[in-house]
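Numbering (this note's numbering), first residue to last: 200 to 545. Have a look at the structure below before the remarks.
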């Protein structure tokens, strides 16, 4: 920040008013010739006080004070110029600015507002990118299910209607999920991230999410246990976000479980917070692996028990999405081969 603006911001009389800083500088600049001529008259001998000398002095002081005043006024524009540069760099190159936010006048408040707005827009942009990545990640499971069912249609025509019905169910479920997500994104854009979220029942939501993966559970003969709280659990957290995360956790539970094992979904209220847990009996993970479990693992994704591929991005994005809404995602395992439990708290 410009030194002149910073120093003028320390003067009590003009500290809180940006326009007064300009008036103060202009006032001082206007009176420099007057102050100069008074000083000259009072301190010069009579023989030097000719009209020509006075005129030349006034002219010189006027030109000098005008130049200095214009220079200082130009320097006082630094908050506006800095704000303009910050906006242009963010719009053209996505560079986050570091504008000073502690100045109390109008220019200082403008810089603070611009900084907060850019930070907010950047968070929204990041959240949308993460959501899009997780949607893409989650679409792999239902698409793989559809491919598998299509293969069954080719070799087992007797159950053709059953397979077509399952394909239709999976497709409708994914269309519903994508529609809700697009609606939420549209609402977010129109209200700059402050869309009103409707309250819904968590237990009913869990049951709907389990139905979406019915085919995936059936392929591995997974026994799904829903240990849902008898207490009414309601929340207004983003349904689309929570659906994305839960679908990822359930898909992982299937992927890392062996044929015939169980997956338990538990809901509860603890310390005035809602908890959703997804527990499987599959591969689990070691204490060492737990330290990097939520890292971006696109280069080292872990394969499932049936050699299912893994992108290595789902848990990383799921944790970020939950944390951005003020919740948490934690994982626990007693070790390799002893299953894993993932808990969402909000």
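Even for Gly, the Cβ is constructed at its ideal location relative to N, Cα and C.
Original post:
When DSSP builds the beta bridges, which residues end up paired with residue 528?
Top reply: 543
Original post:
What's the gap between the Cα of residue 282 and the Cα of residue 301?
Top reply: 14 Å
**OP:** Tell me residue 515's beta-bridge partners as DSSP assigns them.
**Re:** None; residue 515 has no bridge partner.
Original post:
Hey, how far is the Cα of residue 288 from the Cα of residue 309?
Top reply: CA-CA distance, residue 288 to residue 309, rounds to 17 Å.
Subject >> Cβ shell of residue 369 (< 7 Å), same chain only, five flanking positions each side left out >> reply: 341, 344, 345, 414
Original post:
How should residue 513 be labelled, buried or exposed, when 16 other C-beta atoms within 10 angstroms of its C-beta is the threshold for buried?
Top reply: buried
Subject >> residue 394 (DSSP reduced to helix, strand or coil) >> reply: With a pLDDT of only 47 at residue 394, under the threshold of 50, the placement of this residue in the model should not be trusted; the figure read from the coordinates follows. DSSP places residue 394 in coil when its eight states are reduced to three.
Subject >> Option nearest residue 228 by Cα separation, candidates 236, 265, 205 >> reply: The residue from 236, 265, 205 with its alpha-carbon nearest to that of residue 228 is 265.
**OP:** Output the boundary residues of the alpha helix (DSSP H) element that contains residue 478.
**Re:** Careful: residue 478 lies outside any alpha helix (DSSP H), inside the beta strand (DSSP E) at 472-479.
**OP:** In the DSSP assignment, find the beta strand (DSSP E) that holds residue 469 and state where it starts and stops.
**Re:** 461-469
Original post:
Do the CB positions of residue 254 and residue 285 come within less than 8 Å of each other?
Top reply: no
Subject >> residue 391 versus residue 350 - alpha carbon distance >> reply: With a pLDDT of 45 at residue 391, under the threshold of 50, the modelled position of this residue cannot be trusted; read the value that follows with caution. One C-alpha to the other measures close to 45 Å.
Original post:
Do the CB positions of residue 538 and residue 486 come within less than 8 Å of each other?
Top reply: no
Original post:
Apart from the five residues on each side of it in sequence, which residues of its chain come closer than 7 Å, Cβ to Cβ, to residue 468?
Top reply: 428, 430, 432
Original post:
residue 216 by DSSP, collapsed to three states: which one?
Top reply: In the structure shown, residue 216 falls within a coil segment according to DSSP collapsed to helix, strand and coil.
Original post:
Short check: CB of residue 434 to CB of residue 541, under 8 Å?
Top reply: no
**OP:** Report all residues from its chain with a CB closer than 6 Å to the CB of residue 422; omit the five preceding and five following residues, and keep chain order.
**Re:** 461
**OP:** Starting from the Cα of residue 290, find the closest Cα among 316, 307, 267 and give me that residue.
**Re:** 316
**OP:** Give every residue of the same chain whose Cβ lies closer than 8 Å to the Cβ of residue 236, excluding the five residues on either side of it in the sequence, and list them in chain order.
**Re:** 253, 256, 257, 260
Original post:
So what's residue 433 in DSSP terms, helix, strand or just coil?
Top reply: strand
**OP:** Verify whether the separation of the beta carbon atoms of residue 517 and residue 447 is less than 8 Å.
**Re:** yes
Original post:
Is residue 358 buried or exposed, if buried means 16 or more other CB atoms sit within 10 Å of its CB?
Top reply: Taking all protein chains shown into account, residue 358 has fewer than 16 neighbouring C-beta atoms within 10 Å of its C-beta and is therefore exposed.
Original post:
Does the Cβ of residue 401 have 16 or more other Cβ atoms within 10 Å, making it buried, or fewer, making it exposed?
Top reply: Of the residues assessed, residue 401 falls on the buried side of the cut-off, its CB having 16 or more other CB atoms within 10 angstroms.
**OP:** Grab me the residues of residue 352's own chain with a C-beta within less than 8 Å of its C-beta, minus the 5 sequence neighbours each way, in chain order.
**Re:** 359, 362, 363
Original post:
Just to check, is the beta-carbon of residue 212 closer than 7 Å to a non-hydrogen atom of the ligand GTP?
Top reply: The ligand GTP is not part of the structure shown, which contains no ligands of any sort.
Subject >> Start and end residues, alpha helix (DSSP H) containing residue 405 >> reply: 401-411
Original post:
What does a CB cutoff of less than 6 Å around residue 536 pick up in its chain, not counting 5 residues either side in sequence?
Top reply: 483
**OP:** Compare the Cα-Cα distances from residue 305 to each of 324, 276, 271, 267 and report the closest residue.
**Re:** 276
**OP:** Have a look at residue 493 and residue 533 and give me their C-alpha separation to the nearest angstrom.
**Re:** Rounded to whole angstroms, residue 493 to residue 533 spans 17 Å at the Cα level.
Original post:
In angstroms, rounded to a whole number, what distance separates the CA positions of residue 411 and residue 367?
Top reply: Using only the alpha carbons, I get a separation of about 11 Å.
Original post:
Does the distance from the CB of residue 459 to the CB of residue 420 come in under 8 Å?
Top reply: yes
Subject >> Spatial neighbours of residue 507 in its chain, beta-carbon cut-off 6 Å, leaving aside the 5 residues before and after >> reply: 454
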